[in-house]
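To convert, count from 1 in the sequence shown and add 5; that's the working numbering.
Glycine included, each C-beta is placed from N, C-alpha and C at the ideal position.
It should be emphasised that the depicted structure is a prediction, and the values quoted were computed from it without experimental measurement.
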Amino acid sequence: MKRSLPDAAASAPLRGPRPQETAGLLRTLGELFVRGLPVDWQAVSGASPGPFAQLPTYAFDRRRYWLSPKPPARTEGLGFVEADHPLLSARMELPDNGTVILTGSVSRDAPRWLADHTVAGSVLAPGTLFAELALRAAAETGADTVRELVIQTPLVLPDRGSLTLQALARPTGEVVVSARADEPKAPWVVHARGTVATTGREAPPETGTWPPADAVPIDPGDAYDRLAGRGLDYGPAFRGLRAVWRHGDEVLAEVALPTDAGTAPTGYGLHPALLDSALQAWLIGTGREAADVPFAWEGVVLHRAGADRLRVRLTPVGPDGLSVAVYDVPGRPVLTAESVRLRPMSTPAGRLRELAWIPLDPGPAAPAEAPDDVVVLDGFPPGADVVSRVHAATRTVLDALTEPSRRRLVIVTHGAVGLPGEDVPDLAGAAVWGLVRSAQ
């Protein structure tokens, strides 16, 4: 019919008791009504039709109040090129001396596996992350070996916001890894410093029989619970241990990247979480009670990139170090380190305290000498608006605090603070609390 009468209104309603068919019928009646055909709405609804809403005679004046996200700045026009690394987004080479600067951004959420590395209650970047950045910086300058790398300052990830990460490689072989808060004029902090070089060191032979016939298996059991008790609280991304053996004075292990912890190996030389899991085997295999973490690396070479499962051989070197040989499942060398030195972890400084309430036993009543002068600060009418009450309360208390007097000032509030989960009804009193705590 529509093809025969192009000017006619055509609508095909669905018929039946189902809700979607009723909606189709009403939609069809609406289409006919807006084309000028009369519709008996009382017959449709079975009741008296309601009043029609009067629409405005002008177009709706809509205004968007959501803040539009600021598009990320393009780095190509600023002298940067893409760095093609999960932690480093841009690369620049300085024209005067050939220094290469790699930069990126990290936070507790990006990449999300970083939040799974908690030391003494703080989220810290693992020492293996600095080794990964140093290896990448070495590759940018044509070097193949991280000759030495020392972690000088732990990298603590803030609860909110992100950190700008920078790996700098100079033609002299010096490598510096720094970070700063993503805020205007935030200072740079050097976290690791070392040297890279071209050594041409050959890869070790393949693993051969694995594990050796005389290797003694060690049941990890509740290893991660024990490590958490020592302050090393590993989340899913860093729980990669699959098997551990003792072989003489060596520790052998198999580790794998968890598949559901945001730890894809793509783009990394060797994923820091996977290498960290390999080093954990030393603590488990030797039964060490100390919570040791890596802080110095020597002779690190990456032989093959992108592995997600490893065979690991750890051999003691000196009183506080070990050599590391890492292979993939077929037995091909992935990474070797002549020495990784360990030391007990230190608690990161600079953590904020929180206000906690401790129940106080009032004890028996006892007579006390009353002071000569008592000043009562009151008179903040509950009916006044919140802003006026806050201004009045803080102004009155500030006048009392700045009065040149040696008299003791006691301020009592009610409902100005609350336990976790409780409401704070006295907002003016809460402002007074903050003012007095600042003065103290």
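Runs of the beta strand (DSSP E) spanning 3 or more residues and lying entirely within the segment 92-121 occur at 95-98, 105-111, in chain order. In the DSSP assignment, Trp-250 falls within the unbroken beta strand (DSSP E) covering 246-252. Counting along the chain, Phe-300 sits inside the beta strand (DSSP E) bounded by residues 297-307. Three or more beta-carbon pairs separated by less than 8 Å link the segment 146-156 to the segment 302-321, which places the two stretches in contact. Per DSSP, the continuous beta strand (DSSP E) segment holding Ile-156 begins and ends at 150-156. For Leu-140, there is no enclosing beta strand (DSSP E); the residue is found in the alpha helix (DSSP H) stretching over 132-145. Residue range 277-291 is occupied by the alpha helix (DSSP H) that includes Leu-284, with no beta strand (DSSP E) assigned at that position. Taking every protein chain shown into account, the CB of Pro-369 has fewer than 16 other CB atoms within 10 angstroms, so this residue is exposed. In this structure Gly-420 is in contact with Val-429, their Cβ atoms being roughly 7 Å apart against a cut-off of 8 Å. Counting along the chain, Gly-434 sits inside the alpha helix (DSSP H) bounded by residues 432-444.
Per the DSSP secondary-structure output, Pro-321 pairs in a beta bridge with Leu-327.
Per DSSP, the continuous beta strand (DSSP E) segment holding Thr-200 begins and ends at 194-202. Three or more beta-carbon pairs drawn from the segment 168-184 and the segment 103-114 are found closer than 8 Å, and the two stretches are therefore classed as touching.
Taking a C-beta distance under 9 Å as the contact criterion, Val-260 and Ala-283 qualify as a contact pair.
The count of Cβ pairs closer than 8 Å, one atom from the segment 160-170 and one from the segment 270-285, stays below three, leaving the stretches out of contact. Assignment of beta-bridge partners to Thr-169 by DSSP yields Ser-110, Arg-185. DSSP places Leu-347 in the uninterrupted beta strand (DSSP E) bounded by 338-349. Contact between the segment 193-200 and the segment 316-324 is not established, with fewer than three Cβ pairs separated by less than 8 Å. Under the DSSP assignment, Val-392 falls in the alpha helix (DSSP H) whose first and last residues are 391-406. Proximity to Arg-337 across Arg-96, Arg-113, Ala-208, Val-155 peaks at Ala-208, based on C-alpha coordinates. Judged by their CB atoms, Ala-312 and Asp-333 are nearer to each other than the 9 Å cut-off.
The residue among Val-256, Ile-156, Ala-115 with its C-alpha nearest the C-alpha of Ala-301 is Ile-156. The C-alpha of Val-105 lies about 14 Å from the C-alpha of Ser-183.
Excluding five sequence positions before and after Ala-142, the CB atoms of its chain that fall closer than 6 Å to its own CB belong to Ala-172, Ala-174, Val-180, given in chain order. Segment contact: the segment 197-204 against the segment 212-225, fewer than three CB-CB distances shorter than 8 Å; contact not assigned. The beta strand (DSSP E) runs of length 3 or more contained entirely in the segment 210-237 are, from start to end of the chain, 221-223.
For Ala-258, no alpha helix (DSSP H) run applies; the uninterrupted beta strand (DSSP E) run containing it begins and ends at 255-261, by DSSP. For Ala-48, the uninterrupted alpha helix (DSSP H) run begins and ends at 46-50, by DSSP. Rounded to the nearest whole angstrom, the C-alpha separation of Leu-154 and Asp-230 is 30 Å. Around the C-beta of Leu-365, fewer than 16 other C-beta atoms lie within 10 Å, and the residue is accordingly described as exposed.
Measuring C-alpha to C-alpha distances from Pro-176 to each of Arg-206, Gly-103, Gly-213, Leu-232 identifies Gly-103 as the nearest.
Looking at the backbone, the Cα of Val-86 and that of Ser-94 are separated by about 8 Å. The beta carbon of Ala-228 sits closer than 6 Å to those of Ile-289, all from its chain and outside the five residues before and after it, given in chain order. Only buried fits Gln-285, as 16 or more other CB atoms lie within 10 angstroms of its CB.
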